[in-house]
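Below is one structure, written out as structure tokens, with a few remarks after it.
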Amino acid sequence: SNLTWDLPIGRGGLLLSSGNLVSKLLGGWKISGAYLSSTGDYLTPTFDGQSPSNTSPIYGSNTPNRVLKSLAPVGKRSIFNWFNPAAFAIPAAGTFGHGAFGSIEGPDMNTVNAALFKSFPVYREMHVEFRASFTNILNHPNFGDPNVDLSVAPTTGFPGEGVGQISGTTGKSFAGPRSGLLSARFVF
Numbered sequence: 002s003n004l005t006w007d008l009p010i011g012r013g014g015l016l017l018s019s020g021n022l023v024s025k026l027l028g029g030w031k032i033s034g035a036y037l038s039s040t041g042d043y044l045t046p047t048f049d050g051q052s053p054s055n056t057s058p059i060y061g062s063n064t065p066n067r068v069l070k071s072l073a074p075v076g077k078r079s080i081f082n083w084f085n086p087a088a089f090a091i092p093a094a095g096t097f098g099h100g101a102f103g104s105i106e107g108p109d110m111n112t113v114n115a116a117l118f119k120s121f122p123v124y125r126e127m128h129v130e131f132r133a134s135f136t137n138i139l140n141h142p143n144f145g146d147p148n149v150d151l152s153v154a155p156t157t158g159f160p161g162e163g164v165g166q167i168s169g170t171t172g173k174s175f176a177g178p179r180s181g182l183l184s185a186r187f188v189f
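FYI, in my numbering the residues of the sequence shown are 2 to 189.
What follows is the structure, given as structure tokens:
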């Protein structure tokens with residue numbers, strides 16, 4: 002969802018409505034905001050090694066069997082314990098893995114973006130627009146996907162790089178760390 006709001010300052014506003022220089026400089030500003038939300042990516046667990054089904058000459062990226070109904074981690078869910086790796090097992094020789102495609106959901110992403118901008122008239126249709134815009138203004142951490150390679154043992158250090166662990170924040174454009182941009186544009 003998003004919004005744009007004319008601040009009530011300057012001509013026609015509640016504050017500084019006279020036509021003096023201060024009113025012209027401080028009036029006419031607009032603020033905009035956007036809330037962006039996305040569910041996590043749907044991930045498929047894998048394991049390294051020769052295909053147990055003996056149908057693929059490619060080493061690695063094999064699908065395991067799902068042996069537990071629940072993927073809930075043992076204990077509280079955290080970046081060190083996103084899903085239960087024991088819910089999957091390597092299939093027997095000569096068989097295919099039946100673990101569901103996209104059965105693990107990665108972390109959600111949420112961010113609030115905001116901008117403050119104003120257009121100053123120069124001459125006729127010409128104007129200068131000043132803008133300050135910020136992404137992820139609340140600096141909410143949006144974590145990356147967990148490691149779904151069952152061949153990697155869990156680790157205890159930070160960042161966790163083992164199976165079921167998240168090693169950092171996402172690199173997706175709208176969900177990264179807070180950043181800002183100041184700009185001016187001359188329109189003629």
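All C-beta atoms, glycine included, are put in the ideal place defined by N, C-alpha and C.
These numbers come from a predicted model, not from an experiment.
Counting only the Cα atoms, A133 lies some 35 Å from S79. According to the DSSP assignment, S62 belongs to no beta strand (DSSP E), since it is labelled neither H nor E. Beta-bridge annotation (DSSP): A115 is paired with G34, F135. Following the DSSP letters along the chain, one finds L22 in no beta strand (DSSP E) but inside the alpha helix (DSSP H) bounded by residues 22 to 27. With respect to L8, K31 sits close: the two C-beta atoms are nearer than 8 Å. Following the DSSP letters along the chain, one finds T5 inside the beta strand (DSSP E) bounded by residues 3 to 7. Under the Cβ criterion (8 Å, minimum of three pairs), the segment 35 to 54 counts as touching the segment 106 to 121.
By the Cβ neighbour-count rule, P53 is buried, with 16 or more other Cβ atoms within 10 Å of its own.
One Cα belongs to R12, the other to T5, and the distance between them is close to 18 Å.
Contact check for A176 against N148 fails: the beta carbons are separated by 8 Å or more. Per DSSP, reduced to three states, the secondary structure at F175 is helical.
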